[in-house]
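Structure record follows, encoded as structure tokens.
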Amino acid sequence: MLLGLEDVERVAAYSETAQDVSAPEGREVRARKRRSNRGALPTHLPRIEVIVDIEDKTCPCCQGELHRLGEDRSERLDLVPAQFRILVTRRPKYACRACEDGVRQAPASARLIEGGLPTEATVAQVLVSKYADHLPLYRQARIYARQGIELDRSMLADWVGQAAFHLRPLHERLLGKLRQRPKLFADETTMPVLDPGRGRTKTGQLWAYAADDRPWGGANPPGVAYVYAPDRKADRPIAHLAGFKGVLQVDGYGKLAERGDVQLAFCWSHMRRNFYELASPGPAPIAGEALKHIAEFYAIEKAIRGRSAEERRLVRHQESRPLADAFQKWLRTRLGLISQKGKLADAIRYALSRWDGLTRFIDDGHIELDNNAVERAIRPITLNRKNALFAGSDGGAEHWAIIASMVETCMCGWLPRCKRFV
Numbered sequence: 051m052l053l054g055l056e057d058v059e060r061v062a063a064y065s066e067t068a069q070d071v072s073a074p075e076g077r078e079v080r081a082r083k084r085r086s087n088r089g090a091l092p093t094h095l096p097r098i099e100v101i102v103d104i105e106d107k108t109c110p111c112c113q114g115e116l117h118r119l120g121e122d123r124s125e126r127l128d129l130v131p132a133q134f135r136i137l138v139t140r141r142p143k144y145a146c147r148a149c150e151d152g153v154r155q156a157p158a159s160a161r162l163i164e165g166g167l168p169t170e171a172t173v174a175q176v177l178v179s180k181y182a183d184h185l186p187l188y189r190q191a192r193i194y195a196r197q198g199i200e201l202d203r204s205m206l207a208d209w210v211g212q213a214a215f216h217l218r219p220l221h222e223r224l225l226g227k228l229r230q231r232p233k234l235f236a237d238e239t240t241m242p243v244l245d246p247g248r249g250r251t252k253t254g255q256l257w258a259y260a261a262d263d264r265p266w267g268g269a270n271p272p273g274v275a276y277v278y279a280p281d282r283k284a285d286r287p288i289a290h291l292a293g294f295k296g297v298l299q300v301d302g303y304g305k306l307a308e309r310g311d312v313q314l315a316f317c318w319s320h321m322r323r324n325f326y327e328l329a330s331p332g333p334a335p336i337a338g339e340a341l342k343h344i345a346e347f348y349a350i351e352k353a354i355r356g357r358s359a360e361e362r363r364l365v366r367h368q369e370s371r372p373l374a375d376a377f378q379k380w381l382r383t384r385l386g387l388i389s390q391k392g393k394l395a396d397a398i399r400y401a402l403s404r405w406d407g408l409t410r411f412i413d414d415g416h417i418e419l420d421n422n423a424v425e426r427a428i429r430p431i432t433l434n435r436k437n438a439l440f441a442g443s444d445g446g447a448e449h450w451a452i453i454a455s456m457v458e459t460c461m462c463g464w465l466p467r468c469k470r471f472v
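What follows is the structure in structure tokens.
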């Protein structure tokens, strides 16, 4: 829908520009409307002032000197394209003329890539472009070539691999800090990986573990860590979260059972999706009524977002608990009235079989209604996967997980607080 609206807006802008050319008398009105809708430019950006003044400051009538009444001021957003520069490091050598103690010289500064061309800032730009802006390395190489910088894709890949090695301790630290949280979100997405032995790709899994305490006013910073696994076995997240104690919110992955100090909370968004897929093609009275029941829970959550965990728990006990009891009874009644082999029965059984995990949020104000926090963290991985198509190897997929963890943790408004992970 957004793509469709973009086309509509583009056609409208084209027509408005044509009006500016063909009907100059209304140009000022349209310009004033644009100025009122564009908002203010950020105050932290530098201002380069250009004064457009008259050449002659004498009155054309009496030849007296004109005095200044004021000025009109306007601001436009300007862009300076990225510029490459070369840092030249010089280390003078010194020796004593009176003795032969040897040559003295300051030690060379440490480099991220010894003997390589890039500075740390250049490597960071390559990583952000690839994992945040979804630009594969071959596209970046073409962008740099337009400015006369010939960088082979294999060279960029070498930089990414070395950066992943140096970021590995930070990734382990991030995952370790997340394990100490009492509440985590978890989900996984497929990761196509090249399998040279068979001449095709195999399907690995990229697990995402996220924490976000902002909905209940928590002081801990949000974060997400990705971990690559070659398969989807249930023991993978168990190994990834070794030592974790608390609530793990997932989409309802059946093979991931509760164990020891880990309790599972399930996702209402996934449960809702089953009914939505039945109701969206056409009239579906039972599925549509289920969506209305679910909407009542989301309305309550919207009203208490940002309140403390205890306030959320109290409101949920007063308002969500009666709704949950009524909804469960309604589901059981409808299940007895319909065919047991249809998709509607499957959707109802999905909800009822996970009811304890779906309603765990009522007794704990730290738990969310759905798993959308980690779903949002997986979306950039999906976009990157569409552009890059596949990882070159299991090792490449692991590097992908390491770097993406750092980039995504620093995005989405998380940057000012992510230093507290270190």
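In my numbering, the protein residues as written are 51 to 472. Even for Gly, the Cβ is constructed at its ideal location relative to N, Cα and C. Owing to the predicted nature of the structure, the values given are computational and were not obtained by experimental measurement.
Comparing alpha carbon positions, the residue from Leu127, Leu224, Lys227, Thr172 closest to Leu201 is Thr172.
Arg322 is classed as buried because its beta carbon has at least 16 other beta carbons within 10 Å across all chains shown.
Going by DSSP, Gly386 is part of no alpha helix (DSSP H) at all; its letter is neither H nor E. Ala292 places its beta carbon 7 Å or farther from that of Tyr276.
The shortest CA-to-CA distance from Val138 to any of Val130, Ser159, Cys146, Ala145 is the one to Ser159. When secondary structure is reduced to three states using DSSP, Val424 falls in the helix class.
Beta bridge pairing from DSSP links Ala171 with no other residue. Counting C-beta atoms within 10 angstroms of its own C-beta, Gln255 has 16 or more neighbours from the protein chains shown and is therefore classed as buried. Ranked by Cα distance from Thr239, the options Leu433, Leu394, Ile453 are led by Leu433. Contact annotation: Val424 and Ala182 have beta-carbon atoms that are not nearer than 7 Å.
Here Ile354 has Glu361, Arg362, Val365 as same chain residues with Cβ atoms under 7 Å from its own Cβ, once five neighbours each way along the sequence are excluded. In terms of CA proximity to Leu381, Leu341 leads the group His367, Leu341, Pro219. Across the structure, Gly446 and Ala260 are spaced so that their CA atoms are roughly 22 Å apart. Judged by their CB atoms, Leu387 and Leu328 are not nearer to each other than the 7 Å cut-off. Per DSSP, reduced to three states, the secondary structure at Lys180 is helical.
Spatial neighbours of Gly152 in its own chain (CB-CB distance under 8 Å, excluding positions within 5 residues in sequence) are listed in chain order as Ala145. Glu448 has no beta-bridge partner at all, per DSSP. A distance of 7 Å or more separates the beta carbons of Ser389 and Gly267.
Of the candidates Gln190, Ile452, Thr459, Leu162, the residue whose Cα lies closest to the Cα of Arg218 is Ile452.
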